[in-house]
Amino acid sequence: MLRAGSVVTCMACRNLLPSRMGLKFRVPLQKLHPLSRAIHHRYSANSNPQRPPHCSAARHYTSLSRLPMRPPKFRSGGHGYQQHRTFWVARLAARLLKLRYIVLGSAVGGGYTAKKTYDEWKDMLPDMSQYTWIVPDFVWELSENFDLDKLASALPEIEEIAKLLPDMEKIGENFTFLKNLLSSGLGSEVNGASGLRLLLETTGDSALRDVPPSSAAMSDSSDKQFKKSSDKEKIDQLQEELLRTQLKYQRMLERLEKENKELRKVVLQKDDKGIHQRKVKKSLIDLYSEVLDILSDYDSNYNTQDHLPRVVVVGDQSAGKTSVLEMIAQARIFPRGSGEMMTRSPVKVTLSEGPHHVAMFKDSTREFDLGKEEDLAALRHEIELRMRKSVKEGQTVSPETISLSVKGPGIQRMVLVDLPGVISTVTTGMASDTKETIFSMSKAYMQNPNAIILCIQDGSVDAERSIVTDLVSQMDPQGKRTIFVLTKVDLAEKNLASPSRIQQIVEGKLFPMKALGYFAVVTGKGSSNESIDSIKDYEEDFFQNSRLLREGMLKAHQVTTKNLSLAVSDCFWKMVRESVEQQADAFKASRFNLETEWKNNYPRLRELDRNELYEKAKNEILDEVISLSQVTPKHWESILQKKLWERVSTHVIENIYLPAAQTMNSGTFNTTVDIKLKQWTDKQLPHKALEVAWETLQEEFARFMAEYKGKDQDDIFDKLKEAVKDESIKRHKWNERAMDSLRVIQHNALEDRSITDKPQWDAAIQFMEETLQSRLKDTESVISDMVGPDWKQRWLNWTNRTSEQHIRNETRNELERLLKLHEDHTAYLANDEVTTVRKNLEARGVEVDPALIKDTWHQLYRRHFLQKALLHCNLCRRGFYYYQRHFVDSELECNDVVLFWRIQRMLAITANTLRQQLTNTEVRRLEKNVKEVLEDFGEDNEKKVQLITGRRVQLAEDLKKVREIQEKLEAFIEALHKEK
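All letters in the sequence shown, in the order written, are residues 4 to 983 by my numbering.
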């Protein structure tokens, strides 16, 4: 009977195990879902009690369907007690195994669900790589301040973490042990119970380990009820746990999505406002580069020369200088050509390490992304434009330095200067002094005792053709600061019959020059489209397969641009540390000398450099321009009227008044005057008026600047103010549209003949009299110069007449006799009168030309006419009464007075019109022109140097530069010590 019970227990336990169960689980973890898989085995009784029943196919069902497990069908027989106790052992084993399935499946399924939810949540997050600038700088510098390797080593190993996970192999061994135990055919229930207890102790389940053997006495009905309630509670508990987990992850996802949306909004707002252009802490190499930039602009007058280290890249043209520099910078940043000179000016490249591979010019804020081909092309184009712009007309190269900074991951920190390639022959299109200019430029950079010379030699050509090696040997004969680089080694190995020649070069035995180190590099296959990565791969492949390296002709540390950049960087920083403090002491002494000179020569003046002086002068000039608006209208009109009459008086007298006065009656006089005034107004008068107004504005502007100069003005601004005044006047153009309206105003003023009152008549008489007296005085002076001094002047001043003056004097005497005989003579001599005068003079022994007679007559008649006009003007003082009656019943005619009144009124109206245009328009336009000129001069440094000069200015400039250099050097030295 015991034997039969053991067999039944064995069969029940074996049917609870999956048919494919082995020593190890081979089912994928994702198939073991705790809520979707369970196994129910059915078996039927066999007639043979010694043979275990055949296991039927497994039936799968969902735990949510809550289907009851079918009780196993036992053979009918008389041994009820043994069957009942064997059934209890099998049921207990089944529950234990099912509980482990549920716990293991729940753990695996829950982990898979969490991992899947995490992956979905991670995919929903935005790409934050574009916003890494939000992270503070100290985060990127953690690797410099913390040893991450030590932190990683302090973490537990993966093997130790794996020990905390369930041992799947041990679980499989336990199942095997249970299977073997139940199938071993133990003959008693005590042995079966003790084997089950041993299994529980092995698995370590403390909750079930303490089950006493006496619990086998439970009834069949209570066992069924316990099983049903236990399964239901487990399923309900797992369903509630799953629901809580789902709700938890759902709330988490919603919160993350909301935060992600807000974060993107804030980032976009910051981008729009330009907040990302924050002030970044400058690196050590950036501080050093700033010092070099300042030194390049500093013209020392105290023998404080620039001895700070930098790497000077020199080499023959097309030797591969630029390619080597690009390999060090890890980007193809320079323009290139096929055998053509592309480097036309020095290019200072500051290399530093950074998270992004970017380039930027010193005087620009634009960043070029060197990972994008379009930015690389734009950078090369910008460098080429700057080079061509720096080259002056008629030259090929320029000494002006282009400053560029390149940052990127893995770049060695240093400052390099790429110089134009040394040439042996000047070709067509080059300036005749190009070769000498390149030599002198290279020597100027290499004569710095702390400059590292990176000598580039083309390995594909004969060494005897090199020019740069002799130049480097002259500047550094001991080779204490020279690094020799042999380029195009792949071509050299291919073309040279004796590779040992390359070995001689890199060992320093072929050239007479000496060097600190020798390197051999390959900078590509010669194609301008090759990327830096492809060139690196090609270089590494070449040296790995090269016989030069295999046969020991080259050492491993002498090849590849990577080793070269490491060596150059180490040498660069070594020289910097050795020389920077000495250079700082030199500038400290220079600063003391400059400050002492300033205190002794300019003790009461502030140290204003050229830019500060320019701003001061700019404000003074603008104040002077504004003062033009303070000129009174009366002053404007007075000077405009006076200058306009000075400009047009000759035309009025000679071309209008004199011809009209030769007429016989008043009607003809007025007609002639009207015609000539109309012609004059249409063609000349408006232009003359605008010229006078523009000249008056210039004179007033200059007058105010001169008056302002007397108020303790600094005479150092004289050249600048004069240049600003001339340039502003040159740029100023009068509004031509005012000419048409001015013409109409002048024409209407000259058409008016009505003198309304006696004061106007008297003013016209006075104006006419002053004009005629002025003209008479001028005429007397001309006649005096023609005839020479009279007897009184000859006796008092001991002077004599010349022969021509003697002839003029005799001609004057003869013509004066003619005027006395004919006081109403016309303005012109007749031919017979000229002949008569000439014969009379010849009779007295004076030979005279007819042209001289007419010229002398013109001046004598002019004096005669003006004298008569002045007499007539005095007669017309009392003629206003006759004028009002239109000179009826009167022999007095004063039409000439009316003419001068018309001229005077036209001058007053024109002056008033021009004054309005000046004050309302032209003064403001001149002020605008002055501001534009000042702005243009302010942006032109050469212009400021030309206009603001003197020892005082230069001394202030030197003081500013030396102080700035000293401060930068001290900041750099402090940062250098901190880095140590």
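Even for Gly, the Cβ is constructed at its ideal location relative to N, Cα and C.
As the structure is a computational prediction, the values presented were derived from the model and not from experiment.
Report task. Measure how close the beta-carbons of Ile-386 and Val-350 come, nearest whole angstrom, since I'm counting them as under 8 Å. Result -> Within the sequence shown, the letter at position 383 stands for residue 386. Within the sequence shown, the letter at position 347 stands for residue 350. Confirmed, Cβ separation roughly 7 Å.
Practice item. Give me the Cβ distance between Ser-321 and Met-390, rounded to the nearest whole Å; I'm assuming they're in contact under 8 Å. Key: Residue 321 sits at position 318 when you count from the first residue of the sequence shown. Residue 390 sits at position 387 when you count from the first residue of the sequence shown. Actually they do not touch by this definition, with Cβ atoms about 17 Å apart.
message: I'd like to confirm the pairing. Which residues does DSSP put opposite Phe-371 in its beta bridges?
response: Walking along the sequence shown from the start, residue 371 turns up at place 368. Phe-371 is bridged to Ala-362.
task = Compare the beta carbon distance of Lys-324 and Ile-459 with 7 Å and say whether it is the shorter of the two.
result = Residue numbering aside, residue 324 sits at position 321 when the sequence shown is read from its first letter. Residue numbering aside, residue 459 sits at position 456 when the sequence shown is read from its first letter. Yes, they are a contact pair.
Given this structure, state the Cα-to-Cα distance separating Asp-858 from Val-851, to the nearest angstrom. By one-based count along the sequence shown, residue 858 stands at place 855. By one-based count along the sequence shown, residue 851 stands at place 848. Approximately 12 Å between the Cα atoms of the pair.
ask   = Shortest alpha-carbon distance to Gly-397 belongs to which of Asp-436, Ala-381, Thr-428?
value = Translated into positions along the sequence shown, residue 397 becomes position 394. Of the candidates Asp-436, Ala-381, Thr-428, the one whose C-alpha sits nearest the C-alpha of Gly-397 is Asp-436.
ask   = Which residue comes first and which comes last in the alpha helix (DSSP H) that contains Lys-351?
value = On the sequence shown, position 348 is the one that residue 351 refers to. Here Lys-351 belongs to no alpha helix (DSSP H); instead the beta strand (DSSP E) covers 350-356.
- request: Pick out whichever of Asp-289, Gly-413, Val-849, Lys-780 has its Cα sitting closest to the Cα of Glu-807.
  value: Position 804 of the sequence shown, counted from the start, is the residue given in the question as residue 807. The candidate whose alpha carbon is nearest that of Glu-807 is Val-849.
- prompt: So what does Val-488 bridge to, in DSSP terms?
  reply: For the purposes of this step, residue 488 is taken as the residue at position 485 of the sequence shown. Beta-bridge pairing links Val-488 to Ile-459, Phe-522.
Are there three or more Cβ pairs, one per stretch, closer than 8 Å when the segment 565-583 is compared with the segment 442-449?
no
**Asked** By DSSP, does Arg-40 sit in helix, in strand, or in coil?
**Response** Translated into positions along the sequence shown, residue 40 becomes position 37. The pLDDT assigned to Arg-40 is 39, lower than 50, so where the model puts this residue is not dependable, and the model offers no usable value.
Contact check, Leu-937 vs Leu-723, beta carbons under 7 Å = As a position in the sequence shown, residue 937 is number 934, starting the count at 1. As a position in the sequence shown, residue 723 is number 720, starting the count at 1. It is not a contact, given that the beta carbons lie outside the stated cut-off.
According to DSSP, simplified to helix, strand and coil, what is Met-345? Indexing the sequence shown from 1 puts residue 345 at position 342. Met-345 falls in the coil class under three-state DSSP.
### Query
Between the segment 893-905 and the segment 684-697, do three or more beta carbon pairs fall short of 8 Å?
no
Suppose you measure from the CA of Asp-781 to the CA of Arg-928; what does that come to, to the nearest Å? On the sequence shown, position 778 is the one that residue 781 refers to. On the sequence shown, position 925 is the one that residue 928 refers to. Asp-781 and Arg-928: Cα-Cα distance of roughly 39 Å.
task: Classify Leu-382 as helix, strand or coil using the three-state DSSP reduction.
output: For the purposes of this step, residue 382 is taken as the residue at position 379 of the sequence shown. Residue state, collapsed to three classes: helix.
Would Leu-962 and Glu-618 qualify as a contact pair, given that the criterion is a beta-carbon distance under 7 Å? As a working note, residue 962 is residue 959 in the sequence shown. As a working note, residue 618 is residue 615 in the sequence shown. No, the pair does not count as a contact, with Cβ atoms beyond the cut-off.
Return helix, strand or coil for Ser-326, following the three-state DSSP convention.
-> Taking the sequence shown and counting its residues from 1, one reaches residue 326 at position 323. Three-state DSSP puts Ser-326 in a helix.
- Count the other CB atoms within 10 Å of the CB of Gly-112; is the residue buried (16 or more) or exposed (fewer)? Locating residue 112 in the sequence shown gives position 109, counting from the first residue. Burial call: buried.
Notebook entry, point to check: Going straight from the alpha carbon of Ile-331 to that of Asp-717, what length do you get?
Noted result: In the sequence shown, counting from the first residue as 1, residue 331 sits at position 328. In the sequence shown, counting from the first residue as 1, residue 717 sits at position 714. The straight-line gap from Cα to Cα measures roughly 53 Å.
Count the CB pairs spanning the segment 539-550 and the segment 503-522 that are closer than 8 Å, and state whether there are at least three. no
Practice problem: Determine the DSSP secondary structure at Val-420, reduced to helix, strand or coil. | Solution: For the purposes of this step, residue 420 is taken as residue 417 along the sequence shown, with counting starting at 1. Strand.
Checklist entry - Taking just the CA atoms, how far does Gln-333 sit from Trp-601? => result Against the sequence shown, residue 601 aligns to sequence position 598. Against the sequence shown, residue 333 aligns to sequence position 330. Each residue's Cα considered, the two are about 48 Å apart.
| Collapsed DSSP secondary structure at Asp-755 in the structure displayed | Position 752 of the sequence shown, counted from the start, is the residue given in the question as residue 755. Three-state result, Asp-755: coil.
- Query: Counting along the chain, where does the alpha helix (DSSP H) carrying Ser-731 start and finish?
  - Reply: Start at 1 with the first residue of the sequence shown, and residue 731 comes out as number 728. First-last of the alpha helix (DSSP H) with Ser-731: 721-734.
How big is the Cα-Cα spacing for Ala-380 and Ser-530?
By one-based count along the sequence shown, residue 380 stands at place 377. By one-based count along the sequence shown, residue 530 stands at place 527. Approximately 16 Å between the Cα atoms of the pair.
Subject >> Simplified DSSP assignment, three categories, for Gly-555 >> reply: As a first step, residue 555 is located in the sequence shown; it is residue number 552 there, counting from the start. Correct three-state label for Gly-555: coil.
Q. Quick one, which of Met-909, Thr-675, Asn-622, Ala-854 has its alpha-carbon nearest Asp-755's?
A. What you label residue 755 is simply residue 752 of the sequence shown in a count that begins at 1. Comparing Cα-Cα distances from Asp-755 to each of Met-909, Thr-675, Asn-622, Ala-854, the minimum goes to Met-909.
Once DSSP output is grouped into helix, strand and coil, what is the label at Gly-882? In the sequence shown, counting from the first residue as 1, residue 882 sits at position 879. Looking at Gly-882 - three-state DSSP - the assignment turns out to be coil, as it is neither helix nor strand.
query = Where does Lys-512 fall in DSSP's three states?
reply = Locating residue 512 in the sequence shown gives position 509, counting from the first residue. DSSP places Lys-512 in coil when its eight states are reduced to three.
Review point. Can you round the beta-carbon distance between Leu-513 and Val-488 to whole angstroms, since I take them to be within the 8 Å contact cut?
Key: Working through the sequence shown from its first residue, we reach residue 513 at position 510. Working through the sequence shown from its first residue, we reach residue 488 at position 485. 14 Å between Cβ atoms; not a contact.
Handout entry: Inter-residue spacing [alpha-carbon to alpha-carbon] between Cys-897 and Gly-882
Key = Here residue 897 corresponds to residue number 894 of the sequence shown, with the count starting at 1. Here residue 882 corresponds to residue number 879 of the sequence shown, with the count starting at 1. In a straight line, the C-alpha of Cys-897 is about 7 Å away from that of Gly-882.
Nearest-angstrom Cα distance between Glu-293 and Thr-952? In the sequence shown, counting from the first residue as 1, residue 293 sits at position 290. In the sequence shown, counting from the first residue as 1, residue 952 sits at position 949. So the alpha carbons of these two residues sit roughly 27 Å apart.
**Request:** Just mark Ile-629 as buried or exposed, buried being the case when its beta carbon has 16 or more other beta carbons within 10 Å.
**Result:** Start at 1 with the first residue of the sequence shown, and residue 629 comes out as number 626. That one is exposed.
What is the rounded straight-line gap between the Cα of Thr-814 and the Cα of Ala-663? Counting from one through the sequence shown, the residue named residue 814 turns up at place 811. Counting from one through the sequence shown, the residue named residue 663 turns up at place 660. For Thr-814 and Ala-663, the distance between alpha carbons rounds to 28 Å.
*Considering Gly-670, what are the terminal residues of the beta strand (DSSP E) in which it resides?*
The residue labelled residue 670 in the question sits at position 667 within the sequence shown. No beta strand (DSSP E) contains Gly-670, which is instead part of the alpha helix (DSSP H) from 669-686.
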